[in-house]
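Colleague:
Structure (structure tokens):
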């Protein structure tokens, strides 16, 4: 679970694990190759039309669960959607994308830490006050 995003990132509940997960696993197994990619929006729409309850954040959580538990191998994502990689190059590009996103988050984290410890930020009555140079 991620702090400040608990609603979106909590562990799978029984409904998600027992009902939605098998549906998503079955569907993703048919998405071999980028030409068969499916977007988060398409997944949500298709399942909601069948009466299932979910949102885009929970689809991401389900896909993350599938990946880290090795349920369906090599589920990658691009701007075109989720699909099963068919080439080593696709997987390497996806790993590069993950690394770049990780680096961007780390850069933002470092900047916020630097700002928090800056001489221009003071604590007054449990509030942070920013003072310009």
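Residue numbers (our numbering): 3 to 135.
Glycine residues also receive a C-beta, built at the ideal position from the N, C-alpha and C atoms.
Taking the alpha helix (DSSP H) that residue 113 falls in, what are its first and last residues?
Modeller: As a first step, residue 113 must be located in the chain shown, where it is residue number 111. Counting along the chain, the alpha helix (DSSP H) containing residue 113 begins and ends at 90-118.
Colleague: Helix, strand or coil: which one does DSSP assign to residue 136?
Modeller: The requested residue 136 is not part of the displayed model; the chain covers only 3 to 135.
Colleague: Counting Cβ pairs, one atom from each stretch, are 3 or more of them under 8 Å apart for the segment 69-82 and the segment 28-48?
Modeller: yes
Colleague: Where does residue 73 fall in DSSP's three states?
Modeller: The residue labelled residue 73 in the question sits at position 71 within the chain shown. Residue 73: coil per DSSP, three-state reduction.
Colleague: Can you list, in chain order, the residues of its chain whose CB lies under 6 Å from that of residue 10, leaving out five sequence neighbours each side?
Modeller: Here residue 10 is taken as the residue at index 8 of the chain shown, counted from 1. Hits under 6 Å: 59.
Colleague: Once you ignore the five residues that flank residue 74 on each side, which residues in its own chain have a CB closer than 8 Å to its CB?
Modeller: As a first step, residue 74 is located in the chain shown; it is residue number 72 there, counting from the start. Within the same chain, residue 74 has close Cβ partners 27, 30, 31, 68 and 86.
Colleague: Per DSSP, what are the beta-bridge partners of residue 40 in this structure?
Modeller: Numbered from its first residue, the chain shown carries residue 40 at position 38. Looking at the DSSP assignment, residue 40 forms a beta bridge with 84.
Colleague: In whole angstroms, give me the CA-to-CA distance for residue 52 and residue 94.
Modeller: Here residue 52 corresponds to residue number 50 of the chain shown, with the count starting at 1. Here residue 94 corresponds to residue number 92 of the chain shown, with the count starting at 1. Using only the alpha carbons, I get a separation of about 35 Å.
Colleague: Secondary structure at residue 56, three-state DSSP: helix, strand or coil?
Modeller: By one-based count along the chain shown, residue 56 stands at place 54. Correct three-state label for residue 56: coil.
Colleague: Would you kindly check if the distance between the Cβ of residue 56 and the Cβ of residue 141 is under 9 Å?
Modeller: Not covered by the structure: residue 141. The range shown for the chain is 3 to 135.
Colleague: The beta strand (DSSP E) with residue 21 in it runs from where to where?
Modeller: As a first step, residue 21 must be located in the chain shown, where it is residue number 19. No beta strand (DSSP E) contains residue 21, which DSSP labels as neither H nor E.
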